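Some notes on the structure that comes next.
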Amino acid sequence: MTSELEYAQAILDGQQAVTPRWIRIAAFLTRQALEAEIEAYCELLIAPMPFPVRMRSRLAVLHALDQTGFNRMAEYSWNALSRACHHHAYELSPTISELRHLHSKVVDLAAMRAAAAGAPK
């Protein structure tokens with residue numbers, strides 16, 4: 004588990020005072036970890052990209068090339084975490100249980116990526 008995921012887990016486990024601000028910080032850290040996993044998985048499928056690429060473009064690459072289901076789970080998680088990271092006056096903060104669910108999805112994606120990296124090509 005990456006340091007971002009570990010710190011987000013500590014927040015979700017109550018090792019920090021859990022307020023709406025800290026919940027959004029946990030969402031942001033989880034999304035950062037997810038974006039790193041998506042980038043690493045894209046590099047497994049194609050060559051590393053030497054220039055900045057938008058996350059939507061990376062998700063499109065995954066949609067076109069991935070056959071394992073990683074792309075669907077990654078897109079769902081990224082969209083949900085993006086909504087959780089942004090504050091809107093008319094929406095409630097995400098709940099801890101919602102973020103725990105998304106956090107577990109990102110942990111699963113990290114395991115899938117690690118398994119794919121270790122698989123013979």
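Taking my numbering, the leading residue of the sequence shown gets 4, the next gets one more, and so forth.
Glycine residues also receive a C-beta, built at the ideal position from the N, C-alpha and C atoms.
Note that the structure is a prediction, hence the values are computed from the model and not measured.
Cα-Cα separation between residue i and residue j, rounded to whole angstroms
i    : j    : result
N74  : S107 : 16 Å
T22  : W81  : 22 Å
Q19  : I99  : 13 Å
E101 : A83  : 9 Å
L68  : R27  : 32 Å
Q35  : E7   : 7 Å
R61  : D16  : 31 Å
Start and end residues, alpha helix (DSSP H) containing residue i
i    : result
S6   : 6-15
P23  : 23-48
Y79  : 73-88
E101 : 99-121
M58  : 58-68
Supposed close pair residue i, residue j - CB separation, criterion 8 Å
i   : j    : result
L47 : A92  : Actually they do not touch by this definition, with Cβ atoms about 41 Å apart.
T40 : A113 : Here residue 40 is Glu; the residue named in the question, Thr, does not match the sequence. Indeed they touch by this definition, with Cβ atoms about 5 Å apart.
Meets three-Cβ-pair contact criterion under 8 Å: the stretch 51-71 and the stretch 23-31: no
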